[in-house]
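Residue numbers (the working numbering): 0 to 251.
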């Protein structure tokens, strides 16, 4: 009976991951999000015997500790962590960097993952478990104004390498989900455009207008299947895009 921690589980990719994981009637999850209503609905839909929830900001160490303690206290094990929670703001040129905002982004996008994994290592070693991290294509290329976000996702990629080099009994992978039709895309189109080049902003508005954004269920199925089935040796420690051939087996 796999037990999986899913962060950012209230909407978008995270909500789809939770639904797909719980579609396997043998699985249980600890769902983490800032939205209490969405977490409550998960419990109603799938039952409290299979769903435990933590409402809070993962940038808070107290919340991270609560997640691990609840998972072990209720289910007795941790088989996989899907680290999906993340934010894009601040979107700003490096010249105008608000370091306090950059640090907050790193607390959410990177250090919360480090903390969650570090506290879970004894249990992941026991289960020979998996850490699946949601990365971004921005981690390997430059996007005007996205310095904080891109750097945090590059750190996530490196963390997958570091974790597998230190903990041979634990597997890890960082996967970029593609350009997905989520709330983050709404914010890119409606909120952050003034801090991006016209060309970069147009790319995202065109993707929406041309109906070329991915449905969240597409990458979510990959993340969920890896969490349920485990990370193969051929992808362990790597950064991959969602459509990499090495991930084909996880799309069904």
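Glycine included, C-beta positions come from ideal geometry on N, C-alpha and C.
- Residues of the same chain with a CB within less than 7 Å of the CB of residue 221, apart from the 5 flanking positions on each side, are 174, 241, 246, 249 and 250 in chain order.
- When only Cα atoms are considered, residue 128 and residue 6 end up about 16 Å apart.
- By the criterion of a C-beta distance shorter than 8 Å, residue 212 is surrounded in its chain by 178, 179, 180, 184 and 206, once the five residues flanking it on both sides are discounted.
- Residue pairing by DSSP leaves residue 206 without any beta bridge partner.
- Runs of beta strand (DSSP E) with 3 or more residues, each lying fully within the segment 8-83, are found at 27-32, 50-54 and 79-82, listed in chain order.
- Cβ-Cβ separation between residue 81 and residue 131: approximately 5 Å, consistent with a contact (criterion under 8 Å).
- Apart from sequence neighbours up to five positions away, the residues of its chain that approach residue 169 with a beta-carbon distance below 8 Å are 120, 123, 124, 127, 128, 129, 130, 162 and 163, ordered along the chain.
- As DSSP reads the structure, residue 164 sits in no beta bridge.
- 9 Å or more divides the Cβ of residue 229 from the Cβ of residue 114.
- Less than 9 Å divides the Cβ of residue 58 from the Cβ of residue 107.
- For residue 170, the uninterrupted beta strand (DSSP E) segment begins and ends at 170-175.
- The shortest CA-to-CA distance from residue 152 to any of 112, 187, 197 and 188 is the one to 112.
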